[in-house]
Amino acid sequence: MESKMCILLCLIMVRFHLVCVLGGRVVSEAKEEAATPLTKPSPPEGNTTFIGGTTWCVALTSVPAVQLQTALNWACGPGSTDCSSLQPGGPCFEPNTLLSHASFAFNSYYQQNGNSDIACNFGGTAIITRKNPSYASCVYLSSEPPASSSSRTRRKSRNVGIGLLQYLEIGLLFM
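Here the sequence shown stands for residues -23 to -1, 1 to 152, numbered as in mature numbering (1 follows the signal peptide of the UniProt record, and there is no 0).
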């Protein structure tokens, strides 16, 4: 019985140490994340290259016009992409080319559907790029770099570790 109490006390001290050491670090990280503004800056005009995960989806220049038109029709129809900016007088109507209109529609679909490779396929007529295709008043939506999962992983690991310690403590109490 004495050895069980000693082990129980050691487990409690380890748990206390984990809560103090890891808990403090997680709390400070959560404060840093909370201080980050939630506004989404609009991409600048021009052909700027971004580093750090920002991506767009654009039409391939080497694709036959028939395939490109079919993919554009799908994006603006069954794909439920908002193509109103491509209408005459819209900010992305000019240049009035199939390639330009398809690129805008493909990117809009890509951004609205999770920025995954499959959301930028369109039957092989599109490609993901890190070059901002925005121009003049036509601003393409952009992806956000994925949020760091390291703090979530640490928090989850800490919770699993503490839960395991509690399980061991309870097990020792009833032995």
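Where is the CB? At the ideal position from N, CA and C, for every residue including glycine. On a predicted model such as this, the values are computed, not experimentally measured, just so you know.
When the Cα atoms are used, residue 112 and residue 63 turn out to be separated by approximately 13 Å. Taken through DSSP and simplified to helix, strand or coil, residue 36 comes out as strand. In the DSSP assignment, residue 47 falls outside any beta strand (DSSP E) and lies within the alpha helix (DSSP H) extending over 42 to 53. The stretch 47 to 59 makes contact with the stretch 78 to 92; the number of CB pairs closer than 8 Å reaches 3 or more. By the 16-neighbour rule on beta-carbons within 10 angstroms, residue 100 is exposed.
About 4 Å separates the beta carbon of residue 36 from that of residue 79, a gap short enough to meet the 8 Å contact definition. Taking 7 Å as the cut-off, the beta carbon of residue 58 is found closer than this to the beta carbon of residue 82. Around the beta-carbon of residue 65, fewer than 16 other beta-carbon atoms lie within 10 Å, marking it exposed.
In this structure, residue 120 sits away from residue 38, with a CB-CB distance that is not shorter than 7 Å. Out of 115, 33, 70 and 102, the CA that lies nearest to the CA of residue 44 is found in 102. Linking residue -17 to residue 94 through their CA atoms gives a straight-line distance of about 52 Å. One alpha carbon belongs to residue 114, the other to residue 73, and they sit about 14 Å apart.
By the Cβ neighbour-count rule, residue 56 is buried, with 16 or more other Cβ atoms within 10 Å of its own. The beta carbon of residue 105 lies closer than 6 Å to those of 32, 34 and 97 in the same chain, with the five residues before and after it left out.
Cβ-Cβ distances below 6 Å link residue 68 to 62, 114 and 115 in the same chain, with the five nearest sequence neighbours on each side left out; the list follows chain order.
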